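Read through the structure below, which is laid out as structure tokens, and then see the notes.
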Amino acid sequence: MGWLGPEATDALLLSVKVSLWATVVSLPFGVLVAHALARWSFPGRQVLNGMVHLPLILPPVVTGYLLLIGFGPQGPLGPVGGFFAFRWTGAALAAGIMAFPLMVRAIRLSIEAVDPGLEDTARTLGAARPWVFLTVTLPMILPGVLTGAVLAFAKAMGEFGATITFVSNIPGETQTLPTAIYTFLQVPGGETEALKLVLLSVGVAMGALALSEWLGTRVARRVAGR
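For what it's worth, the UniProt record's numbering labels the leading residue of the sequence shown as 1, then goes sequentially.
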């Protein structure tokens, strides 16, 4: 990418890597949590719903600070903190947590749009719950799953506050697109590279939204047999 400098290129490639891992790893959990919130009745359901959406309400810096405490040497998750602290894996964790509410919400809305009677009919015919989900529910909610994944990827690409608080801003290791923009704006003459990354970020965000709409429409038509 000749129009981007080496540092900006590294930040772009790292952002894609972080966002992909954040999306892929969190997607199974997103489907499970969305299904639980949409279909299950259990004590603490509203607590779970609140915790899932908490990253949307809290300042991102607070989420990053909580991660720093949790994975710090004295934190409850300290033994595995070395795998995340000040590494790209930590950036992926922070980005995944911040993007998780958008993913869950898109998938949950799709599940709630499915007629529960179809699932009940499959169960009365002897199908186990996991098989009902795989053969009845999942094909019908694929548009929501894909939309949630794309939106989560776009959100992860733009994550800043939680990432810089948890894993700092280390070039080549934790410096993603947003933190690179921040860095360029702090040095004289860095405005040009910062503007390039800003335009790139806007393009990625708009492209992700367009892709989510296209995928949702295409899959919905295939599911409907049109």
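All residues carry an ideal CB built from backbone N, CA and C; glycine is no exception.
What you are looking at is a predicted structure, and each value in this text was computed from that prediction instead of being measured.
What's the gap between the Cα of Pro79 and the Cα of Val61? Rounded to the nearest angstrom, the two C-alpha atoms are 23 Å apart.
Endpoints, alpha helix (DSSP H) assigned at Pro143 = Looking at the DSSP string, the run of the alpha helix (DSSP H) that includes Pro143 is 138-157.
Identify which residue in Ile111, Val47, Gly126 has its Cα closest to the Cα of Pro143. A check of alpha carbon separations from Pro143 across Ile111, Val47, Gly126 identifies Ile111 as the nearest.
Continuous beta strand (DSSP E) assignments of at least 3 residues falling wholly in the region 67-138
Secondary structure within the region 67-138: not one fully enclosed beta strand (DSSP E) run of 3 or more consecutive residues is present.
Below 8 Å, can you find three or more Cβ-Cβ pairs linking the region 130-143 to the region 48-57?
-> These segments do not touch.
For the region 201-218 and the region 152-164, state whether three or more C-beta atom pairs, one from each stretch, are separated by less than 8 Å.
Touching, yes.
Query raised in the report: Counting pairs of beta carbons, one from the region 60-75 and one from the region 119-127, are three or more of them closer than 8 Å?
Result: These segments do not touch.
*asked:* Among Leu32, Gly148, Val132, whose alpha-carbon lies nearest the alpha-carbon of residue 235?
replied: Residue numbering for the chain in the displayed model covers 1 to 226; residue 235 lies beyond these limits and cannot be assessed.
Q: Tell me whether Ser168 sits in a helix, a strand or coil according to DSSP, three-state version.
A: Ser168: coil per DSSP, three-state reduction.
Mind reading off the beta-carbon distance from Ala22 to Ala180? Whole number of angstroms is fine, and I expect it under 8 Å. Your pair Ala22 and Ala180 does not check out as a contact, with CB atoms roughly 17 Å apart and the cut at 8 Å.
Let me know the secondary structure DSSP gives Thr174 once reduced to three states. Coil, per DSSP.
- Message: Going by DSSP in three states, Phe160 sits in which element: helix, strand or coil?
- Response: Phe160 falls in the coil class under three-state DSSP.
*Are Ser19 and Ala95 closer than 8 Å when you measure CB to CB?*
In terms of Cβ geometry, Ser19 and Ala95 form a close pair [threshold 8 Å].
query = Taking the alpha helix (DSSP H) that Gly50 falls in, what are its first and last residues?
reply = Per DSSP, Gly50 belongs to the alpha helix (DSSP H) from 45-57.
Ala34 beta carbon less than 8 Å from that of Ile107
Cβ distance < 8 Å, so Ile107 and Ala34 count as in contact.
Is any non-hydrogen atom of the ligand NAD found closer than 7 Å to the C-beta of Val202, if you look at the structure I gave you?
Looking at this structure, you won't find the ligand NAD or any other ligand, since it has none at all.
key: Distance between Gln186 and Leu27 (C-alpha atoms, nearest Å)   = Their backbone Cα atoms lie some 35 Å apart in a straight line.
For Gly44, count neighbouring C-beta atoms within 10 Å of its own C-beta (all shown protein chains included) and say buried if the count is 16 or more, exposed if not.
With fewer than 16 Cβ atoms within 10 Å of its Cβ, Gly44 is classed as exposed.
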